[in-house]
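Down below is the structure, laid out as structure tokens.
Protein chains in written order, with this note's numbering: chain W, 87 to 499; chain A, 287 to 874.
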């Protein structure tokens, strides 16, 4: 088996994917294997006893939202008795930012690869402040989730139906030329998203107040497009998964306790090591001592070659990498050293429209000692406090070393 | 005395950077000893022996940097540790240039698409992978690294030969390609003489003398010290010979080496005879059968003279000595009998042995002409002794004497104090990569030891030569002046310094000894010529360079205005052997 040839196939599949946002629907109706007693979460598998604060809070919130429990204690008891099951989003073609908790009745984005018809899913973004994805589950958090489920989701679903879907690959390409890197900065992409939806939202039959609330959601939420972008990255990387002999990473995800990766040619195995605490800038009143270890499926953006890999495109957030645009460019240049190829669709203006570094090769990571860069939000380690900063993190090298060992074994070398 | 030490995890620095930082720390007031090393078991043992043990030292591993200092006060020790760390960072920044330092040759090539050559100076055990990556990228390679296993050299040269690429090295210290001085090399006038050499300071001496005699060079191609061994078969020398034979700017070719393996010498001489241009062959210590277009030289100076004459550069004049041997010999006291040579250039050391052994008898050395002349222990001279201070015995964990004169100065005091010492012979090597002002470092010690001898009622003859040109950063003329003022009889070449030493000692009635150089003659049939198309394009203009390893060489190229991008090289897989092995298998 020629590894380079296998990686070329994986790269071709990444470059060939055509993700489009085609709908919004309840998870139980669309996500394969979704059940009322199943709670999806970010990252590799984790047991309740090892789950971090934000993830625990989000699971409790999910159970309250579903009406499976009436109190925090009941929710915890349900999980501890095994009456509900935890599983990674990634095991169900889904991704979710931060805790990533997705339950059966939640509305989720449906993203389809127009070429293959394959699909991936992601929950709706709640915006800022006290939110479920950071482990908050107070009444107002749940009330907002209900509004999103009852009003926002169906309205976007109807608008998308009128539009015939929305081309996410093109949207990502545009946002990269507008100062976004697609992970920590999605201001331009979210503006585009709202702009494309708005005329159709106007015609889905909402009363004026409801329409205003929906439009305000897009006006206020710079992260609105993050979740569909993540699902687009997920369907793209799923296309590249399962190429025998390929050493391309198809998934990187964290659950707040562990960081896990999967590799195209190594099946469903996770290669896992303890997640690290991001290095970054903290909101006033918080410090690294408050931070939870790295959490969320949003690393699917870096896996697909955007996010920190496209840092050169996002001068507005260069403070995270040292403060100068030159350092942002250097961050992207570094990632070319560990990737198989470039994505010409995602041209980076500061690099003369060179395509984003795409297709992380575990061999190159281990050889160079350069782990992938990840831009990320930082969660408080206590459930419900929310986001306390943003910054940079790198996956543990051990994940990639284990994967190299497994690949050598798999190929009998 | 207080010892301060720190460990920085997973921080790789090249050995020269480490040693320069160490030297800087040692020079601070109150500092008795300082160590800046990667924490290998051997280095940790050295630190303990040097009284630099500290609590965290035991837990440091080979990927970790250790900085330790012992000083009169705690503050001074702390200051030394801080200075060393600062020096390491400063070095890395100056070598960086732009904001991004590429980590691989492929990425460096993207930054410098016109690059034609990679200058590789990583530790020897990593050299094969880096050189192979460069060859895969279509780059010619100068492989400075030593301690590269022979089988790696054979494999790399098979690849480079098949690709028509030049692989200079391993253990190639010197090359000049279209005016770009690579490694340790001098600034030499452009002209019509092309050289191929398996001996670094041999190339430096011949090119510098060509310059001195008013002519100039096209290229000086290094081959590495083992190229002319039976196992390697002269791959690089044959490529270089062919490329220079086809190079329209080259009129005369010079080949420089210690004695090659007989079969390889025969092949190379047959190729030289068939190459179509005059070839001067300086195989030091071998007697070359000349004839036709092939001219044999008995010394490095002789090679330079013949080449200059052949190129029509006029007569460099007779090789007259500047010193007066009889007069010097007359000043020596009765017990002074022996030559003591302390060399920084390996080939200059070897040439001295070759030229003097027939005249003054056995000369003990750490690099002897014949095995029975080995100097053991190398730290104590006996009889006539000529020491290669650049030998492995002296450079483990230390800078080469061309860069750091400390050890040679110590040894100079030791030899001068020996009443049996009559003549001291020294080389001073200039050029890019060498010490910025070696004469000024040497002069006070020369004065000191001559004065001490005088007070003891003895006289010391100090002979030597400066290998370099007036255009070198150190300026050879100025260096000679400083040395002459300090009492050295500065001859115009290494060979002449040896001759002067020999004449002084012959006057002392030293015994002659039979020593016959090996005879080499061309093979009946020349070898098939290698394909050298890509080498011809390399020689067509000053190359842009990708430098992997020592920052020193990157800085030297920057000084020369040669376009260069430095790879921010680290040992692969963090130096973990198990993963390096797995990666190699996954690349195969």
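Every residue, glycine too, gets a C-beta built ideally from N, C-alpha and C.
>> Rounded to the nearest angstrom, what separates residue 185 of chain W and residue 210 of chain W at their Cα positions?
In response: 13 Å
> When the cut-off is 7 Å and only beta carbons count, does residue 860 of chain A lie next to chain W?
Replying inline: yes
> How long is the line joining the alpha carbons of residue 241 of chain W and residue 854 of chain A, rounded to whole angstroms?
Replying inline: Each residue's Cα considered, the two are about 53 Å apart.
> At what residue ranges does the segment 559–597 of chain A contain a whole run of the alpha helix (DSSP H), taking only runs of 4 or more?
Replying inline: 586–596
> So the beta strand (DSSP E) residue 286 of chain W belongs to, where does it begin and stop?
Replying inline: Annotation for residue 286 of chain W: no beta strand (DSSP E) segment contains it, though the alpha helix (DSSP H) segment containing it runs 273–287.
>> What does the alpha-carbon distance come out to for the pair residue 476 of chain A and residue 556 of chain A?
In response: 28 Å
> If you scan the segment 368–435 of chain W from start to end, which runs of the beta strand (DSSP E) of 3 or more residues do you find wholly inside it?
Replying inline: 425–434
>> So residue 449 of chain W contacts chain A; which residues on that side make the cut at Cβ distance below 8 Å?
In response: 869, 872, 873
> Three or more beta-carbon pairs under 8 Å between the segment 628–639 of chain A and the segment 809–816 of chain A, yes or no?
Replying inline: no
>> Pop quiz: residue 316 of chain W and residue 386 of chain W are said to be a contact at Cβ under 8 Å. What is the actual Cβ separation, rounded to whole angstroms?
In response: Approximately 5 Å separates the beta-carbon atoms of residue 316 of chain W and residue 386 of chain W; this is inside 8 Å, confirming the contact.
> Who does residue 543 of chain A pair with in a DSSP beta bridge?
Replying inline: A:569
> Nearest-angstrom Cα distance between residue 383 of chain A and residue 664 of chain A?
Replying inline: With a pLDDT of only 45 at residue 383 of chain A, under 50, the local geometry of the prediction cannot be trusted, and no value is derived from it.
>> Suppose you measure from the CA of residue 381 of chain A to the CA of residue 712 of chain A; what does that come to, to the nearest Å?
In response: A caution first: residue 381 of chain A carries a pLDDT of 48, below 50, which makes its placement in the model unreliable, though a value can still be read off. Approximately 33 Å, taken between the alpha carbons.
>> Using the Cβ count rule (16 or more neighbours within 10 Å means buried), how would you classify residue 873 of chain A?
In response: exposed
> Going along the chain, which residues of its own chain have a beta-carbon closer than 8 Å to the beta-carbon of residue 558 of chain A, five neighbours each way excluded?
Replying inline: 527, 539, 541, 565, 567, 579, 580, 808
>> Spatial neighbours of residue 280 of chain W within its chain, please: C-beta separation below 6 Å, excluding the five flanking residues on both sides.
In response: 304
> For residue 692 of chain A, which of helix, strand or coil comes out of DSSP?
Replying inline: It is helical.
>> Contact criterion: CB-CB distance below 7 Å. Does residue 382 of chain A meet it with respect to chain W?
In response: Below a pLDDT of 50, predicted positions are generally treated as unreliable, and residue 382 of chain A, at 45, falls in that range; the measurement from the model is reported next regardless. Taking a beta-carbon distance threshold of 7 Å, residue 382 of chain A does not count as an interface residue toward chain W.
> Which residue's Cα is closest to the Cα of residue 671 of chain A: A:692, A:435, A:697?
Replying inline: A:697
>> Beta carbons nearer than 9 Å to chain W: which residues of the segment 643–676 of chain A have them?
In response: none
>> Please classify residue 868 of chain A as buried or exposed, where buried requires at least 16 other C-beta atoms within 10 Å of its C-beta.
In response: That one is buried.
> Would residue 445 of chain W pass as a contact of residue 218 of chain W if the rule is Cβ separation under 7 Å?
Replying inline: no
> Counting only beta-carbon atoms, is residue 453 of chain W nearer than 7 Å to chain A?
Replying inline: Yes, contact with chain A.
>> I need the DSSP call for residue 104 of chain W, collapsed to helix, strand or coil.
In response: coil
> Counting only beta-carbon atoms, is residue 856 of chain A nearer than 7 Å to chain W?
Replying inline: So, interface residue.
>> In whole angstroms, give me the CA-to-CA distance for residue 154 of chain W and residue 126 of chain W.
In response: 15 Å
>> For residue 487 of chain A, which residues in the same chain have their Cβ closer than 7 Å to its Cβ, ignoring the five residues on either side in sequence?
In response: 631, 632, 633, 634, 715, 753
> What are the uninterrupted segments assigned as alpha helix (DSSP H) that are 4 or more residues long and contained completely in the segment 773–846 of chain A, given in chain order?
Replying inline: Residue ranges of uninterrupted alpha helix (DSSP H) with 4 or more members, entirely inside the segment 773–846 of chain A and ordered along the chain, are 780–792, 819–825, 837–846.
> If you run the structure through DSSP and keep just helix, strand and coil, what is residue 485 of chain W?
Replying inline: helix
>> If the cut-off is 7 Å on Cβ atoms, which residues from the segment 536–560 of chain A count as contacting chain W, listed in chain order?
In response: none
> Are the CB atoms of residue 516 of chain A and residue 466 of chain A nearer to each other than 7 Å?
Replying inline: Contact annotation: residue 516 of chain A and residue 466 of chain A have beta-carbon atoms that are not nearer than 7 Å.
>> Using beta carbons (cut-off 7 Å, strictly below), is residue 479 of chain W in contact with chain A?
In response: Judged by the 7 Å Cβ criterion, residue 479 of chain W is not in contact with chain A.
>> Here's the rule: buried if 16 or more other CB atoms are within 10 angstroms of the residue's CB, otherwise exposed. What is residue 308 of chain A?
In response: buried
> Taking the beta strand (DSSP E) that residue 319 of chain W falls in, what are its first and last residues?
Replying inline: Element bounds for residue 319 of chain W: not the beta strand (DSSP E) but the alpha helix (DSSP H), 312–326.
> Residues in its own chain within less than 7 Å of residue 553 of chain A by CB, not counting five upstream and five downstream?
Replying inline: 520, 809, 813
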